[in-house]
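Engineer:
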């Protein structure tokens, strides 16, 4: 897919988006960039769809640097909403702080990526065979 066909919706607080624009200055994105100043604890899905998001297409989601600011209930709601907006073949990546892992207790299904070397560490957080070393990542796939 050509970069011009890719649409990136960036949802963040308006102040953060303003700061990023100030840093980036006049640089333009090579993809269609749709910044949305919003609070993810509020009614963002309707605005996302109104701005051109298509829930019928596979989506790559990135929840980065956010979960530490949400309660467990808010995080559950966020992931449930993302699930509702995700077409088959969608993917999600997220970051979390050490000791707090949204996926703890979930039942991930391991996929072939683990065997192809695309991930250097493969398990869900809190698994008995998982060295909980700060700075290491994990790859998880899960069916809803």
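Residue numbers (our numbering): 285 to 428. Backbone N, C-alpha and C fix where the C-beta goes; we use that ideal spot for every residue, glycine too.
#1: For residue 349, which residues in the same chain have their Cβ closer than 7 Å to its Cβ, ignoring the five residues on either side in sequence?
#2: Exposed or buried, what is residue 363 when buried is set at 16 or more other beta-carbons lying within 10 Å of its beta-carbon?
#3: Could you round the C-beta distance between residue 315 and residue 291 to whole angstroms and report it? I think they count as a contact, below 8 Å.
#4: Please state whether DSSP places residue 292 in a helix, a strand or coil.
#5: If you follow the alpha helix (DSSP H) that residue 306 is in, where does it begin and where does it stop?
#6: For residue 339, which option in 377, 301, 365, 300 has the closest C-alpha, if you only look at C-alpha atoms?
#7: Just to confirm, is the Cβ distance from residue 354 to residue 377 under 9 Å?
Structural biologist: The relevant details are as follows:
#1: Around residue 349: 379.
#2: Counting other Cβ atoms within 10 Å of its Cβ, residue 363 reaches 16 or more and is therefore classed as buried.
#3: Right, their Cβ atoms sit about 7 Å apart.
#4: In the three-state reduction of the DSSP assignment, residue 292 falls in the strand class.
#5: Here the alpha helix (DSSP H) through residue 306 covers 298–308.
#6: Of all alpha-carbon atoms in 377, 301, 365, 300, the one lying nearest the alpha-carbon of residue 339 is that of 365.
#7: No. Outside cutoff.
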